[in-house]
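Heads up: the structure comes next, in structure tokens.
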Amino acid sequence: MKRKYFAYPYIVWMILFIVVPMIFIFYYAFNVNGTWTFRKCWETLTDVQKWRVLLVSVEIALGTTAICLLLGYPIAYILSNMKKSVAGFISALFFVPMWMNFVLRTYAWSAIIEYAIPDLFNMTRSMTATSTGRTIAVLLVLVYDFLPFMVLPLYNTLSKLDKSLLEASRDLGANGKTTFFRVVLPLSIPGIVSGITMVFVPAITAFTVPALIGNGNYSLYGNVIDDAFKINPEYSIGSTLSIILLVFVLISTLIMNHFDTDKEGGSIL
Amino acid sequence: MESKHLIELVDVSKDYNGDVALEHVNLYINDGEFLTLLGPSGCGKTTLLRCIAGFITPSSGMIKMNGVDIAKVPPHKREINTVFQKYALFPHLNVHDNIAFGLKIKKTPKPVIEEKVEKMLKLVNLEGYGRRWIDQLSGGQQQRVAIARALVNEPKVLLLDEPLGALDLKLRQEMQVELKRMQRQLGITFIYVTHDQEEALTMSDTIVVMKDGVIQQIGKPTDIYNEPKNPFVADFIGESNIVPGLMLEDYKVRMNGVVYRCVDAGFGRNVEVDAVVRPEDIDIIPIEKARVIGTVASVVFMGVHYEICVDCGGYEWIVHTTDFAPVGSRVGIQILPDAIHIMKKTRANNIFDAEVWPSDGAIYIDDVAFPCEGLDDYENKEIAIVRIAPENVRLVAPQDAKLTGSVKACMFLGTHYEITISCEENDWIAHSDDFMEDGEEVGILVDRDKMELTKKEAEDSEEEAETTETVTREE
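Residue numbers (this note's numbering), protein chains in the order written: chain H, 1 to 269; chain X, 1001 to 1475.
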């Protein structure tokens, strides 16, 4: 049982950088300038403006996830049916952009949107940008950034799918469409669930993308939290917002785990 | 007559980019029969089954069901169901839903589904298992679910692809009996693929023995066992002594220099034949009563009997007997007339296309030059047909020959081994005194005067006659 010592560095790490910061968040949420109070917290909770931003963030995150799923599933399905060597090459092409820093990529996109492509949707061309245009631009970049995180778990699940099950289904009278909906789709649920989790959670907490793409004029929940700490520092407001977001992510993860009825029990949370 | 044949395969061939998997298969399957496709791995039996199921479209030929060609009909439109080798049960569905899968797709009303699934669970002895998950079942139980899932659709034909391969011996024997019971009870045609000859002999009404994509023999289990058509079938179905012999006249055959009486006739006088004698049909008798006397070379206890190898000076008999004889003892051998089965000699010959280059004094087979005589009638680059008798193919170490190949099969024919060597383009057949391991690399040499060349055009018609000689079944 000596092997448990190997876990100690990680436990220390977890305490220092996860547990302690959480304690700080809770401390600042209910403590304004050294006095314990619920006032600021309550103010934040009843601030309709903040809830609106959260709603927009959820919508953007859901939109990103949905688009990633719709784009990623066919890609993963096609890749999984290819010869391993070909699929490996194509998916490598797919993941090469991920080797580049996330912030750099986002900067590149902001330049592309601003100068390289015609401003079809009034996306961000500084002065003329509309809020719809900015939303589309943010969605576009989020999808670009997170698509590989959807494809990878889907590809893993689909490529492990026993092909004889598809034959069995066709043998029992199912055509291609029925086979897909009755066999392939249900069996790829674990991949869908981890794909959704891997896209939805970072998308709802995203703040670099809206900050850079929207030229500071577009705010998602992450940016609101950022503002609360940096623009006019009110730590209790920022902390409360953080807690709200945390609870939200927690709930969404629990919901996803409910769908992933993997009997092995190894769920994400 | 036509209506009796539920499935008819007419000249079915399949190749994968030149690799032949099935070659001119002709076969009909009667309604309600239990037919087994038997052969070693890679003989094309599974390919044939998948052609019938619809997962493989044959390169040529027809697959008729009730007289209609279904070769290009997709699997989901065929009234055929399959029990897969590894069961292929749906892990996301429970036992009940697995069995109900086919019925739900056909939009069967719910009460009917319930009734049929219950009936099936009863048939395969799994009552009360409907709510279980697949991974909660043992291998044998999964097997039964796979059978139930296929049978519930009331197919005209049930295909079984080595379904018992993953089970242990005892369970396998139980399932053999049970499968046969189900088949009788339901009256459905079963087409069963296996490499296990015992399984085939136990269950089948008809056995089809295959090798290298070609049907070797079709017949009842007893016929296949007692009257194998060629050394391959004799060797594959049970153990046997396969001996080259000379048919002196009707009912008289000479094997290893001794003349035996036998029950076969119609081969003509002084014709070379192959004789099969099953080890259990040879008796060990006291030496004073025997015409043939030998020394016991080895004894192995096999449970029910001893396997005794008797060395009779230059050749050996393998004998299965319940009587023990110690190693080194002198024993007499007795073979009664009805123990000897005479087969037409299958003269496996090497017949290849060769590119002739009289200017080089050589012909090219498998892209390798073989010096050859008598090329004056040919022009450079002309394609001719070359015949080389197996005994003239010399096997040497790989580094001593230009043409090398790997051993694909090695079969003992009484006095020598018949070796099949797979080269770049062609399979060569050679004779050897020594056993060779599958996959062993060997070099091939042929003496310049041992090759028989014929012009291509003249050969074509004869060639045709040879290849169209396929095995058919007798009523």
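A virtual CB, placed ideally from N, CA and C, is assigned to each residue, including glycine.
Own chain partners of residue i with C-beta closer than 7 Å, once the 5 adjacent residues on each side are dropped
i	result
Thr65/H	Ile196, Val199, Phe200, Ala203
Asn1017/X	none
Ser169/H	Thr179, Arg182, Val183
Lys1456/X	Ile1383, Ala1384, Ile1385
Val103/H	Thr208
Ala211/H	Asn223
Val1010/X	Asn1026, Gly1061, Met1062, Lys1064
Reference residue i, options the options, closest by Cα
i	options	result
Leu1038/X	Ile1215/X, Ser1406/X, His1416/X, Lys1229/X	Ile1215/X
Val151/H	Thr106/H, Pro74/H, Asn33/H	Pro74/H
Val224/H	Ile23/H, Phe38/H, Trp51/H	Trp51/H
Ile1218/X	Pro1058/X, Leu1027/X, Val1396/X, Thr1322/X	Leu1027/X
Lys1156/X	Lys1402/X, His1195/X, Glu1033/X	Glu1033/X
Cys1423/X	Ile1080/X, Gly1439/X, Ala1339/X	Gly1439/X
Ile90/H	Phe102/H, Tyr77/H, Met100/H	Tyr77/H
Gln1185/X	Phe1055/X, Tyr1364/X, Leu1123/X, Gly1268/X	Leu1123/X
Gly1044/X	Ala1265/X, Asp1015/X, Val1442/X	Asp1015/X
Phe1267/X	Lys1344/X, Thr1194/X, Ala1430/X	Lys1344/X
Phe1232/X	Ala1389/X, Lys1211/X, Glu1199/X, Ile1207/X	Lys1211/X
Gly1314/X	Asp1161/X, Ile1308/X, Asn1256/X	Asn1256/X
Leu185/H	Leu69/H, Tyr115/H, Trp99/H	Leu69/H
Glu1316/X	Pro1337/X, Gly1303/X, Val1292/X	Val1292/X
Cut-off 6 Å between Cβ atoms - residues of its own chain near residue i, not counting five sequence neighbours on either side
i	result
Asp1311/X	Gly1294, Thr1295, Ala1297
Asp1460/X	Caution applies to Asp1460/X, whose pLDDT of 48 falls short of 50 and renders its modelled position unreliable; the value that the coordinates give is listed next. Correct list: empty, nothing qualifies.
Ser1060/X	Ser1013
Ile1007/X	Ile1029, Met1065
Trp1357/X	Asn1380
Met1436/X	Val1407, Cys1410, Ile1419
Ala1148/X	Ile1099, Met1120, Val1124
Val249/H	Val201
Asp1283/X	Gln1334
Gly238/H	Ile225, Ala228, Phe229
Ile255/H	none
Ser1359/X	Asn1380
Tyr1129/X	Val1095
Endpoints, the beta strand (DSSP E) within which residue i is located
i	result
Ala1401/X	Element bounds for Ala1401/X: n/a, residue is neither H nor E.
Asn1030/X	1019-1030
Leu1160/X	1157-1161
Asp162/H	Counting along the chain, Asp162/H falls outside any beta strand (DSSP E), and DSSP gives it neither H nor E.
Ala211/H	Premise fails: Ala211/H lies in the alpha helix (DSSP H), 208-213, not in any beta strand (DSSP E).
Expected contact under 8 Å - CB spacing of residue i and residue j to nearest Å
i	j	result
Leu158/H	Ser188/H	6 Å
Val1277/X	Ile1335/X	6 Å
Ala1384/X	Pro1371/X	Ala1384/X to Pro1371/X, Cβ: 15 Å. No contact.
Gly72/H	Leu154/H	6 Å
Asp145/H	Pro1075/X	Not a contact, Cβ separation roughly 42 Å.
Leu1035/X	Ser1204/X	7 Å
Gln1142/X	Leu1126/X	Their Cβ separation, rounded to whole angstroms, is 10 Å, which puts Gln1142/X and Leu1126/X out of contact at 8 Å.
Residues near residue i in its chain [Cβ-Cβ closer than 8 Å; skip 5 each side]
i	result
Ala1146/X	Val1083, Phe1084, Tyr1087, Ala1088, Leu1089, Pro1163
Ile243/H	Ile25, Phe26, Ala29
Ile1285/X	Val1331, Gly1332, Ile1333, Gln1334
Leu241/H	Thr44, Lys50, Tyr221, Val224, Ile225, Ala228
Leu54/H	Tyr221, Ile244, Leu245, Phe248
Thr1478/X	Because chain X here runs from 1001 to 1475, residue 1478/X falls outside it and cannot be looked at.
Arg1269/X	Met1247, Leu1248, Glu1249
Arg1132/X	Asn1094, Val1095
Glu234/H	Lys40, Ala228
Val1259/X	Leu1248, Lys1252, Val1253
Any non-hydrogen atom of the ligand MN closer than 6 Å to residue i Cβ
i	result
Leu1336/X	Ligands in the displayed structure: none, and consequently the ligand MN is not present.
Element boundaries [alpha helix (DSSP H), containing residue i]
i	result
Ile1147/X	1139-1151
Ala1053/X	1045-1053
Trp42/H	39-45
Tyr107/H	102-111
Ser239/H	235-259
Cys1309/X	Where Cys1309/X is concerned, there is no enclosing alpha helix (DSSP H), although the beta strand (DSSP E) it sits in stretches over 1306-1311.
Ile25/H	20-29
Val58/H	48-80
Contact residues within the segment 1401-1421 of chain X, judged by C-beta distance below 7 Å to chain H: none
Residues from the segment 1070-1092 of chain X in contact with chain H, defined by Cβ distance under 9 Å: Pro1074, Pro1075, His1076, Lys1077, Arg1078, Ile1080, Asn1081, Thr1082, Phe1084, Gln1085, Lys1086, Tyr1087, Ala1088, Leu1089, Phe1090, Pro1091, His1092
Beta carbons nearer than 8 Å to chain H: which residues of the segment 1157-1180 of chain X have them? none
Any residues in the segment 1036-1063 of chain X with a beta carbon nearer than 7 Å to a beta carbon of chain H? Which ones, in chain order? Ala1053, Phe1055
Going along the chain, which residues of the segment 1188-1217 of chain X sit with their C-beta nearer than 7 Å to a C-beta in chain H? Those would be none; no residue qualifies.
At a CB distance below 8 Å, what residues from the segment 1102-1119 of chain X approach chain H? Give them in sequence order. Gly1102, Ile1105, Lys1106
Output, in sequence order along the chain, the residues in the segment 47-63 of chain H whose CB is closer than 7 Å to any CB in chain X. Answer in chain order: no residues at all.
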